[in-house]
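Read through the structure below, which is laid out as structure tokens, and then see the notes.
In our numbering, the protein residues as written are 202 to 375.
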């Protein structure tokens, strides 16, 4: 049993270390990708540990309705600094390399944001944004009648935002 508890603690610490190394809010898929590709832990254990780390306030989770973004909290950073040596050196090095190689890509991916919220029984407000260095380049708000339509718009915004932004800038700048 002590080995299992130590392994569990190591996995939680490695998640904290990963979030600290990338030092930007990350989506569930951006976290999952590393841990699955490197066979650090399986999907179900990772999801359970993320939930536990949120519950214990070691990480925060901002749910936008379309994506959830995870960040390290001050308590998580303090815990990590105290117990970082319990993470195997090979894993810390792998995380550091992965962070250097993927930080800019993840940052770009997270600069396109779409979320929706229910404002009345038959109205949802969809907010679509393109950001650059924490500056909002464009923000588009739409009212739709159902959550299915709101989800479709959010999903399409991820791929169509650059094209829509370019179109608007070209047509309004003349």
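Backbone N, C-alpha and C define an ideal beta-carbon position, used for all residues, glycine too.
- Secondary structure at residue 255: helix, using DSSP grouped into helix, strand and coil.
- A distance below 7 Å between beta-carbons, with the five flanking residues on each side excluded, links residue 341 to the following residues of its chain, in chain order: 329.
- Spatial neighbours of residue 288 in its own chain (CB-CB distance under 7 Å, excluding positions within 5 residues in sequence) are listed in chain order as 211, 214, 215, 218.
- For residue 207, the number of other beta carbons within 10 angstroms of its own is below 16, and it is reported as exposed.
- In the DSSP secondary-structure assignment, residue 270 is bridged to 228, 263.
- Beyond the five residues adjoining it in sequence on each side, residue 233 comes within less than 7 Å, by CB distance, of 244, 247 in the same chain, given in chain order.
- When the beta-carbon positions are compared, residue 331 and residue 353 stay at least 8 Å from each other.
- Looking at the DSSP output, residue 343 sits in a beta bridge with 327.
- Membership of residue 348 in the alpha helix (DSSP H) is indicated by the continuous run 348-373.
- Classified as exposed, residue 276 has fewer than 16 neighbouring CB atoms from the shown chains inside 10 Å of its CB.
- Annotated three-state conformation of residue 242 is coil, per DSSP.
- Residue 315 holds the alpha-carbon nearest to the alpha-carbon of residue 343 among 294, 315, 306.
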